[in-house]
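Student: First, the structure itself, so that you have it in front of you.
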Amino acid sequence: MRNGFVSERLAGEEDAMASVPDVSVVVPVHNEEESLPHLLKAISSTLIESHFSYEIICVDDGSTDGSVKLLKEKAQTRNDLKSIILRRNYGQTAAMAAGFYHARGKAIVTLDADLQNDPVDIPMLLAKLEEGYDLVNGWRKNRQDAALTRLLPSKIANWLIRRITSVNIHDYGCSLKAYRAELVADMNLYGELHRFLPALAYIEGARITEMPVRHHARRFGSSKYGLGRTFRVVMDLFTIAFMKKFLNRPMHVFGLWGLIFMVSGGAISIYLTWAKLALGQDIGDRPLLILAVLLLVTGVQLFCFGLLAELLMRTYHESQGRPIYRIREVVENKGRMSLK
Ligand code: UDP
Ligand code: MG
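Written as structure tokens, this is what we have:
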């Protein structure tokens, strides 16, 4: 073994499922029947050629074409493929999460089923992982998608995500990524957060890098997404921004703003009381009164919300046995030095 997950032994399709494979290739599938045979062939020939032991995990996400039939048949005849058929269409994130759950490899590679990503790039990503990274993100430098509806929104989204998450990579949306398995085990996926995996990984303290990868135009079928996803990306961005900053200390944001609101509302109220009692002014129709009441009420609400969020965070961590830190490695002298 070198620096981690790649074993020296020659591997092949035959013993791919035998022990812990070097790499699990996770592929979410939704109506991709024409692409699948080409994809499976390309993945296995690349990985056999570069001597990796591997397993392919195809997760069918509620396909209505022949994908399910094909995946079932292939999984019965070849021993490097595990097909997981979801009951209905849950979305790409859920399909990937199902794949991650079943992956046994020391490294996990994800890619799309539509042949837009090229399996030929997988060994290069794995080699990069071996240099000591936890996540290698593909970068579709030469992306083959429509300019106005895909490339432009993607450019803006990537810029925004870079700013908010401070993970400096170009192409969050590229499905071709390689992870160390331990990292994937630490990440929980919800909504459509698969696009933000590098940001989630960063929150878990991962070492992240990127590499340019090939990208092809779709040969079969059609894209499953339209412009509508831009909105969902922006919403997910808020979640990520909050998680990154305040996951372990929500009171620091809600409590702080709650206090600021309460104090300023209180100060205005005191001033108004003084104006009424000492100066005999009429304060009933003053906008300032409304402001004071609003500040006090929202301030109390924010503060209480912060306290509730603190409770929720504790439940989140303790119910899952999730510590608030991640250990990269533990170094100790197994033989124990003598005390003298
Ligand atoms: N996909 C999925 N569930 C969905 C939508 C898509 O599993 O609800 C899969 C799809 O089969 C493909 C990948 O996710 O393998 C990416 O989808 P697509 O190629 O349509 O996205 P694009 O490349 O256009 O961004
Ligand atoms: Mg695609």
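Every position in the sequence shown, counted from 1, becomes a number in my numbering once 128 is added.
For each residue, glycine too, the CB sits at the ideal point set by N, CA and C.
1) Classify ILE418 as helix, strand or coil using the three-state DSSP reduction.
2) From PHE366 to GLU201, what distance separates their C-alpha atoms?
3) When the Cα atoms are used, what is the spatial distance from THR358 to VAL459?
4) Suppose only complete runs of 3+ residues qualify. What are the beta strand (DSSP E) ranges in the region 337-383, listed by chain order?
5) Given the structure, does HIS158 come close to the ligand UDP, in the sense that its CB is under 7 Å from one of the ligand's heavy atoms?
6) Determine, using beta-carbon pairs with one atom in the region 335-347 and one in the region 379-391, whether at least three such pairs fall under 8 Å.
7) Return the CA-CA distance between VAL425 and MET390, expressed in angstroms with no decimal places.
8) Using 7 Å as the cut-off, classify the Cβ of GLN220 as near or not near the heavy atoms of the ligand UDP, replying yes or no.
9) Inspect the beta-carbon positions of ASP249 and LEU304 and report whether they are closer than 8 Å.
10) Could you compute how far the alpha carbon of GLY427 sits from the alpha carbon of PHE348?
11) Tell me VAL196's beta-bridge partners as DSSP assigns them.
12) So, using beta-carbon positions, are THR238 and LEU317 closer together than 8 Å?
13) In the DSSP assignment, the beta strand (DSSP E) including LEU263 goes from what residue to what residue?
14) With a cut-off of 8 Å, do at least 3 Cβ pairs link the region 257-271 to the region 189-206?
15) Give every residue whose Cβ lies closer than 7 Å to any heavy atom of the ligand MG, listed in chain order.
16) Does DSSP put GLU183 in a helix, a strand or coil?
17) Express the C-alpha separation of PHE370 and PHE431 in angstroms, rounding to a whole number.
18) Determine the direct distance from the alpha carbon of LEU328 to that of ILE470, and round the result to whole angstroms.
19) With a 10 Å radius around its C-beta and 16 neighbouring C-beta atoms as the bar for buried, classify ASP299 as buried or exposed.
20) Short of 6 Å in beta carbon distance, which residues of its chain neighbour CYS186, apart from the five on each side in sequence? Order them along the chain.
21) Short check: CB of TYR330 to CB of VAL295, under 8 Å?
22) Taking only heavy atoms of the ligand UDP into account, decide whether any of them is closer than 7 Å to the Cβ of SER211.
Tutor: With the structure as the only source:
1) helix
2) 42 Å
3) 45 Å
4) none
5) yes
6) no
7) 8 Å
8) yes
9) yes
10) 55 Å
11) DSSP lists no partner for VAL196.
12) no
13) 263-268
14) no
15) ASP240, ASP242, GLN244, ARG346, SER351
16) strand
17) 17 Å
18) There is simply no residue 470 to check, as the chain begins at 129 and stops at 468 in what is shown.
19) buried
20) VAL155, VAL157, LEU199, SER211
21) yes
22) no
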